[in-house]
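Sequences listed follow chains H and R, in order. Those letters in the first sequence? Residues 0 to 691, per numbering that gives the first Met the number 0, in order. Those letters in the second sequence? Residues 0 to 691, per numbering that gives the first Met the number 0, in order. Note that CB positions come from ideal geometry on N, CA and C, so glycine has one too. Below is one structure, written out as structure tokens; the observations come after it.
Protein chains: 2
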Amino acid sequence: MKTTIALGLGLIASAAQAQNGPADPAVNETFKFAKPAGQPDAIETSPDGQITVQVSTDNDGRAVYMIARNGKAIVEPSRLGMMFTDAPKIERGLKIESVAHAKSDTSWTQPWGEWRTIRDNHREMRVRLMESSALHRRYDVVFRVQDDGVGFRYEFPEQQALPHANIAEELTEFNIAQGGTAWWKPAFLWNREEYLYNRTPINAVGTAATPITMKLDDGTHIAIHEAALVDYASMAVMKTEGNSFKAVLTPGSGAPKVVKTGAWTTPWRTFLIAPDAGGLYMSHLMLNLNEPNTLGDVSWVKPGKFVGVWWKMIKGEWSWARGPRHGATTANVKTYIDFASKYGIPGVLVEGWNIGWDGDWAGNGSAMQFATPAEDFDADALAKYAKSKGVSLIGHHETGGAVSHYESQFDPAFKFAADHGEHVVKTGYVADAGQIERVNADGSVSREWHEGQWMVNHYLRVLQAAAKYKVSIDSHEPVKDTGLRRTYPNWLAREGSRGMEYNAWPGKNPPEHEVNLAFTRMLEGPMDFTPGVLSLTGSDNSPIQSTIAKQLALYVVLYSPVQMAADTPENYAKYPQAFRFIADVPVDWEDSRVLNGEVGDYVTFARRDRKSRDWYVGSITDENARDLTVTLDFLEPGKVYEAQVYKDGPGATYATEARHSIAFETKRVKRGDALTLSLAPGGGQAIRLKAL
Amino acid sequence: MKTTIALGLGLIASAAQAQNGPADPAVNETFKFAKPAGQPDAIETSPDGQITVQVSTDNDGRAVYMIARNGKAIVEPSRLGMMFTDAPKIERGLKIESVAHAKSDTSWTQPWGEWRTIRDNHREMRVRLMESSALHRRYDVVFRVQDDGVGFRYEFPEQQALPHANIAEELTEFNIAQGGTAWWKPAFLWNREEYLYNRTPINAVGTAATPITMKLDDGTHIAIHEAALVDYASMAVMKTEGNSFKAVLTPGSGAPKVVKTGAWTTPWRTFLIAPDAGGLYMSHLMLNLNEPNTLGDVSWVKPGKFVGVWWKMIKGEWSWARGPRHGATTANVKTYIDFASKYGIPGVLVEGWNIGWDGDWAGNGSAMQFATPAEDFDADALAKYAKSKGVSLIGHHETGGAVSHYESQFDPAFKFAADHGEHVVKTGYVADAGQIERVNADGSVSREWHEGQWMVNHYLRVLQAAAKYKVSIDSHEPVKDTGLRRTYPNWLAREGSRGMEYNAWPGKNPPEHEVNLAFTRMLEGPMDFTPGVLSLTGSDNSPIQSTIAKQLALYVVLYSPVQMAADTPENYAKYPQAFRFIADVPVDWEDSRVLNGEVGDYVTFARRDRKSRDWYVGSITDENARDLTVTLDFLEPGKVYEAQVYKDGPGATYATEARHSIAFETKRVKRGDALTLSLAPGGGQAIRLKAL
């Protein structure tokens with residue numbers, strides 16, 4: 000039996016194309032939907048007027064929001080609310096108490112990134128909601144509306160009727176107003192974020208990690224994600240029915256998924272909204288919704304390429320553990336230092352350098368010592384040698400999921416890194432989802448999830464501990480990226496999807512994988528994918544489903560300020576002409592453009608080096624060959640460039656030995672010229688446009 | 000980075016059609032799939048050899064099970080496992096220690112039900128698994144295989160390495176091996192089980208409550224559910240990718256979803272498997288997997304029809320609360336007693352008879368007094384009057400979700416019921432999902448879910464408290480039915496889906512709803528749907544999408560041992576000829592048959608009265624008219640029956656005023672005769688086959 004009846008809202012969103020913002024009466028009349036009398040309108044539009052959001056309450060007093068683009072619904076009325084483990088949920092019986100609007104148009108500078116300058120032009124609407132019941136609890140829902148997306152978050156003030164919030168679940172809904180196609184990874188499975196992307200109708204999504212990218216029936220592209228995930232649990236979206244989703248927060252080991260006291264806010268729930276795939280990538284919404292740099296001077300944060308003692312371990316030829324196959328020996332590392340130095344690559348990653356790898360460390364890392372090298376790794380000598388060769392070692396902290404154990408060694412660990420000239424440390428959390436080991440104050444052990452509240456905070460604790468020693472972080476098995484590199488510029492990159500390593504093993508990444516990444520994972524931020532395996536072979540010489548040219552293009556397509564040349568020095572020696580591009584390509588950009596692209600099919604990026612006037616172009620395709628014509632309208636007028644082209648050679652295809660077929664070409668180009676990029680199946684093309 | 004690689008299992012299940020059971024070498028060779036050497040085979044078949052299950056371990060030592068029918072996979076290798084909040088999960092590194100087989104073929108008697116005699120013919124396989132890691136934890140997975148389905152459960156022995164189990168999640172997977180169509184309701188939404196059914200491709204399911212019914216591409220029908228849900232959290236199935244699902248347990252207010260100590264078992268995870276829809280209904284797997292009657296003599300449990308002070312409240316004409324519109328007045332109840340007595344209906348439900356309804360009680364029932372009548376309800380006089388008229392009052396305990404409050408009144412509440420001749424009490428838990436109020440020992444309040452472990456146990460505590468007073472229970476807003484009526488025969492029925500009440504309100508049940516129920520909700524067990532609204536009008540005279548004949552047919556289609564005649568006496572007075580069927584139809588059956596049916600389209604049931612030789616036939620359809628021919632091969636040979644037919648009249652359709660068109664016919668029939676049932680759109684047909 001139920002006594003309250005939820006009535007559908009009569010949605011009217013036919014013509015909200017007014018350019019004049021929320022005060023415009025035309026918008027109000029054409030856009031608004033049914034709501035109780037006596038409540039203020041709560042409507043906001045993007046600066047260009049194309050995107051409109053509205054908040055209202057339904058017949059049961061449940062707050063709902065909706066989003067439209069050019070008057071057509073993108074998000075149908077979707078409920079807001081919050082459940083607690085020890086208090087009635089906040090959902091029904093709400094009234095809109097007040098609505099406040101603001102606007103802002105500013106710019107800020109990224110210390111490193113895809114773009115130097117980020118414009119933040121948005122309108123803001125703050126809707127104050129209060130329960131009409133005895134408890135009279137209240138919260139604000141705050142919307143930020145840009146031309147390329149919408150973010151909103153809950154802001155709970157300190158209040159007597161809710162002195163603490165033990166959050167059982169967030170009741171936010173995402174009811175997509177149209178059918179379409181979705182690209183998504185399942186959430187809450189054992190292998191965390193490391194799944195291939197599904198491409199299904201929106202209504203065939205299961206429970207998905209964010210970002211989830213959708214192309215709606217009317218061609219609008221959207222991506223649902225979150226920004227500024229701090230002191231809260233990461234959100235997945237669970238398909239309920241049809242094209243409707245609800246938030247599901249990641250569990251922790253405690254009864255509430257999130258615990259809050261005093262005043263608190265949720266992360267921003269975000270919709271990137273664009274007419275095409277490229278528009279999703281070009282949005283700065285995620286970064287704009289994060290707080291500015293909190294670390295002060297970050298001139299010590301150094302983007303850069305690196306090589307590393309790694310691929311041979313991944314392939315099973317060397318071991319992390321000590322013994323006859325130990326990879327991180329002084330001699331081996333010297334080889335890598337020499338190679339890096341020779342090609343101007345500033346970093347050398349060394350995995351397995353420390354004590355703790357000998358047993359079954361995955362999911363069981365309590366033997367890891369983060370300031371104690373293995374006997375055959377002469378850390379002091381190598382640090383000195385690296386310095387003499389103008390390169391730096393990159394540290395490595397693999398926790399094996401023993402996170403409290405790691406935290407207890409923060410200071411010696413990062414001091415050791417700093418003392419050995421390591422500007423960057425790669426961290427690792429190899430443990431199945433839900434198997435992070437947390438030691439409580441009483442000595443008992445709890446099992447945490449990589450994306451639960453406690454771990455979300457842990458990843459930030461690492462940044463803070465590292466910053467004290469001017470060390471930057473590249474997190475593997477991380478929490479997803481929600482733009483926090485703005486706030487913590489020493490969070491250079493992370494993994495958080497299937498990277499190159501899967502090409503070492505059976506079950507390799509298919510040719511579409513990197514194309515999928517471009518408009519899904521890469522919407523989060525930098526990924527340490529570790530491209531550049533020019534040998535195109537994994538363990539036991541198993542073939543990688545890529546051409547060589549595609550490997551090169553990945554350096555432009557898959558942005559990261561720390562970009563690995565993942566293959567071995569001896570393999571690179573076999574491909575000197577192709578390797579030239581890896582040696583040349585920068586990792587820090589003045590500007591970035593998406594020249595073309597369809598989610599999961601193909602994409603072409605152009606990026607301008609931050610330290611020169613050179614541009615770089617990278618284009619990749621899935622298993623289908625394509626000819627893509629791009630116009631060089633981004634080049635400086637009147638300047639001549641030398642195009643150094645690395646392209647799929649005759650007969651190239653990912654599917655046969657012809658994957659090694661590559662061709663090189665050099666020609667002069669200028670602004671406005673058109674280039675046709677011929678991509679082989681599973682292929683790509685990389686171009687350096689060197690300003691002459 | 001991941002260091003362990005999950006390899007797909009090479010599934011070979013091409014020809015497991017041997018009839019000879021698990022020992023047959025042909026089965027082993029054709030059915031088994033890859034597994035580590037040195038482990039015993041773990042294969043079991045159904046008594047008729049058509050269904051085969053196998054357990055193995057994958058390359059990471061994860062236990063997996065699979066199910067095939069006639070050699071064709073129904074369930075692909077699906078993992079087993081268990082996560083804890085304070086210990087490493089049990090999933091990887093398992094070895095099969097031993098496999099034991101058993102068989103059994105017995106029968107038992109239902110004190111009331113759809114069938115008097117239940118045959119339990121099954122094979123059993125017990126697979127003992129042990130971790131090869133340091134902890135050496137172990138569990139058994141026990142499979143029961145019938146000709147019409149498979150059940151399995153985890154059985155954890157008492158063991159030092161797992162002294163208690165704080166279960167964070169159960170890792171059981173359900174990877175359906177074929178595409179097909181699914182009928183399902185979303186899980187974990189605010190309105191609990193009260194959603195319309197979705198009919199979608201299997202891969203478009205979201206997170207579904209069980210039972211979820213599927214018709215696979217090869218025509219096989221399956222339903223996933225659970226049996227014997229005791230001291231555990233209810234399970235939903237979350238679609239992960241494609242046609243794959245994983246278990247999701249219902250949360251509680253504590254950190255673990257389930258807490259166990261010593262030796263413990265899960266409920267049975269069940270697959271009904273049949274060649275057609277009717278075969279799903281005819282399975283006795285669910286009942287067979289429950290423990291026998293634990294209450295001893297249950298001759299005091301009385302199936303029966305009832306009328307009630309209810310529909311006028313649901314329609315908004317009367318109120319539960321005291322005041323001028325109060326429904327449960329002495330005078331009103333007398334009218335219902337008189338009506339029930341006149342037509343031989345043994346029960347009169349009265350809602351709103353007690354103190355506690357005056358405020359906003361839904362989700363907030365702490366004012367409810369379960370032994371204190373409202374001033375205008377003379378309980379003693381009415382009990383006496385009812386007895387004098389040969390009928391009994393049916394009690395009503397609405398908790399409003401204040402469950403600890405209710406439990407504190409168990410004894411006075413059930414004593415009051417017994418003292419007033421109430422053999423049955425209808426209970427209610429009107430609170431949104433996750434909003435059950437539990438008062439802890441220290442006075443703090445926790446919020447529980449209707450289907451979480453604590454509430455699962457609460458519903459059983461009610462049965463035990465009621466049994467002490469020889470009272471039976473009809474639970475509304477219940478936990479789902481998992482066959483526990485076998486163990487607790489005083490659990491007569493429950494709601495647990497959208498019942499008739501939704502026809503009082505806007506957003507009425509569509510014509511397909513009851514047809515959907517037949518092969519989904521009704522696979523659980525009895526539902527107190529409350530059919531029989533012959534006026535076919537809800538609040539404000541809004542039309543119900545049914546014909547009159549369909550209302551009658553529902554008494555045969557939707558089995559319940561307590562079956563309401565939900566309309567008002569004054570309305571029934573307008574339909575005397577149709578009402579005759581309601582007066583005649585029994586609620587307790589000797590035998591039941593599904594004569595035909597397609598999930599969500601139509602269904603015809605025949606049931607034999609337990610107290611006579613009469614048979615009753617009920618047939619219903621969705622929005623489409625149909626002619627269904629049934630052969631009366633279930634009648635006794637050589638006997639003549641009078642068929643009293645209640646059928647859709649000329650022009651009948653749910654869509655217009657012609658929904659009231661009904662026709663009556665009487666004719667003689669005998670075994671082997673064929674009848675053609677002509678069902679109108681949204682219509683039905685009811686037949687009494689009176690043995691002459």
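Near Lys646(R), which residues of its chain fall below 6 Å by C-beta distance, leaving aside the five closest residues on each side in sequence? The residues are Ala548, Ala662 and Gln684.
Flag Ser445(R) as yes if its beta-carbon sits less than 8 Å from any beta-carbon of chain H, otherwise no. Ser445(R) counts as touching chain H.
Keeping to the same chain, check which residues put their C-beta closer than 7 Å to that of Gln154(H); ignore five residues upstream and five downstream. Here the sequence assigns Glu to residue 154(H), which means Gln is not the residue at that position. In the same chain as Glu154(H), and ignoring 5 residues on each side of it, the C-beta atoms closer than 7 Å to its own belong to Tyr138, Asp139, Val141 and Thr264, in chain order.
I'd like to know if Ala167(R) contacts chain H, where contact means its C-beta is closer than 8 Å to some C-beta of that chain. Ala167(R) counts as touching chain H.
What are the complete beta strand (DSSP E) segments, minimum 3 residues, inside the stretch 104 to 153 of chain R? Within the stretch 104 to 153 of chain R, the complete beta strand (DSSP E) segments at least 3 residues long are 116 to 130 and 137 to 145, listed from N- to C-terminus.
Have a look at Glu523(H), Pro46(H), Val455(H) and Asp216(H) and flag the residue whose alpha-carbon is nearest the alpha-carbon of Ile73(H). Closest by alpha carbon: Asp216(H).
With 16 other Cβ atoms within 10 Å as the buried cut-off, status of Pro510(H): Pro510(H) should be labelled buried.
Phe376(H) and Thr329(H) - do their beta-carbons sit closer together than 8 Å? Yes, Cβ-Cβ distance for Thr329(H) and Phe376(H) is below 8 Å.
Using a Cβ-Cβ cut-off of less than 8 Å, list which residues of the stretch 429 to 445 of chain H approach chain R; keep chain order. When CB distances to chain R are screened at a threshold of 8 Å, the residues of the stretch 429 to 445 of chain H falling below it are Val429, Asp431, Gly433, Gln434, Ser443, Val444 and Ser445, in chain order.
Report, in whole angstroms, the separation of the C-beta atoms of Glu450(R) and Ala232(R), which I expect to be a contact under 8 Å. Confirmed, about 7 Å.
First and last residue of the uninterrupted beta strand (DSSP E) at Gln177(H): For Gln177(H), no beta strand (DSSP E) encloses it, and the DSSP letter there is neither H nor E.
Taking 8 Å as the limit between beta carbons, can you name the residues of its chain near Leu188(R), skipping five residues before and five after? Excluding five sequence positions before and after Leu188(R), the CB atoms of its chain that fall closer than 8 Å to its own CB belong to Tyr194 and Ala432, given in chain order.
Give, in chain order, every unbroken run of the beta strand (DSSP E) that is at least 3 residues long and sits entirely within the stretch 199 to 281 of chain R. Listed in chain order, the complete beta strand (DSSP E) runs (minimum 3 residues) inside the stretch 199 to 281 of chain R are 206 to 208, 211 to 215, 220 to 226, 234 to 238, 243 to 248, 257 to 260 and 267 to 273.
So which residues of chain R does Pro185(H) contact, with C-beta pairs closer than 8 Å? Neighbours of Pro185(H) on chain R, chain order: Thr239 and Glu240.
From the beta carbon of Met82(H), is the nearest beta carbon of chain R less than 8 Å away? It does; some Cβ of chain R falls within 8 Å.
Report the neighbours of Pro250(R) on chain H: residues whose CB is nearer than 7 Å to its CB, in chain order. Neighbours of Pro250(R) across chain H, judged by C-beta separation under 7 Å: Ala167.
Residue range of the alpha helix (DSSP H) that Tyr554(R) falls in? Judged by DSSP secondary structure, Tyr554(R) falls within the alpha helix (DSSP H) whose first and last residues are Ile547 to Val556.
Residues of its chain near Asp85(R), where Cβ-Cβ distance is below 7 Å and the 5 sequence neighbours each way are ignored: Counting only Cβ-Cβ distances below 7 Å, and skipping sequence neighbours, we find Asn165.
Just checking: is the beta-carbon of Asn197(R) within a distance shorter than 8 Å of some beta-carbon in chain H? Closer than 8 Å to some Cβ of chain H, the Cβ of Asn197(R) qualifies, so yes.
Using a Cβ cut-off of 7 Å, pull out every chain R residue sitting near Ala254(H), in sequence order please. Within chain R, the residues near Ala254(H) are Ser252, Gly253 and Ala254.
contact_flag[the stretch 347 to 364 of chain R, the stretch 295 to 307 of chain R] where n(CB pairs < 8 Å) is 3 or more: These segments touch.
In whole angstroms, what is the alpha-carbon distance linking Arg625(R) and Ser545(R)? Between Arg625(R) and Ser545(R), the C-alpha separation is close to 15 Å.
7 Å CB neighbourhood of Ala22(H) in its chain, flanking five on each side removed: Its pLDDT being 39, under 50, Ala22(H) is placed unreliably in this model, and the value from its coordinates should be taken loosely. Correct list: empty, nothing qualifies.
Among Gly682(H), Gln145(H), Leu491(H) and Asn58(H), which has the Cα closest to the Cα of Glu622(H)? The shortest C-alpha to C-alpha distance from Glu622(H) to any of Gly682(H), Gln145(H), Leu491(H) and Asn58(H) is the one to Gly682(H).
For a contact defined as C-beta to C-beta under 8 Å, what are the partners of Lys88(H) on chain R? By Cβ distance, chain R contributes Asp431, Gly433, Gln434 and Arg446.
When the Cα atoms are used, what is the spatial distance from Leu286(H) to Leu483(H)? The straight-line gap from Cα to Cα measures roughly 8 Å.
Whole angstroms is fine: what's the gap from Pro250(R)'s alpha carbon to Trp453(R)'s? For Pro250(R) and Trp453(R), the distance between alpha carbons rounds to 10 Å.
Checking contacts by CB at 8 Å: is Thr426(H) closer than that to chain R? Contact of Thr426(H) with chain R is not assigned, every C-beta pair being separated by 8 Å or more.
Is the beta carbon of Pro542(H) less than 8 Å from the beta carbon of Met499(H)? Contact flag unset, no.
Please check the pair Val616(R) and Thr603(R), which I expect to be a contact at CB under 8 Å, by giving their CB distance rounded to whole angstroms. Indeed, because the Cβ distance is near 7 Å, the residues count as touching under 8 Å.
Anticipated Cβ contact below 8 Å, Glu43(R) with His100(R), distance rounded: Confirmed, Cβ separation roughly 6 Å.
Cβ of Asn202(R) less than 8 Å from any chain H Cβ? By this cut-off, Asn202(R) is an interface position.
Cβ closer than 7 Å: which chain H residues qualify as neighbours of Leu188(R)? Those are Thr239, listed as they occur along chain H.
Which of the three DSSP states is assigned to Pro693(R) in this structure? No answer is possible for residue 693(R): it lies beyond the span of chain R, which begins at 0 and ends at 691.
Against chain H, with Cβ distances strictly below 8 Å, would Thr206(R) count as a contact? Closer than 8 Å to some Cβ of chain H, the Cβ of Thr206(R) qualifies, so yes.
Spatial neighbours of Asn292(R) within its chain, please: CB distance less than 6 Å, with the 5 preceding and 5 following residues excluded, ordered by chain position. Residues of the same chain with a CB within less than 6 Å of the CB of Asn292(R), apart from the 5 flanking positions on each side, are Pro488 in chain order.
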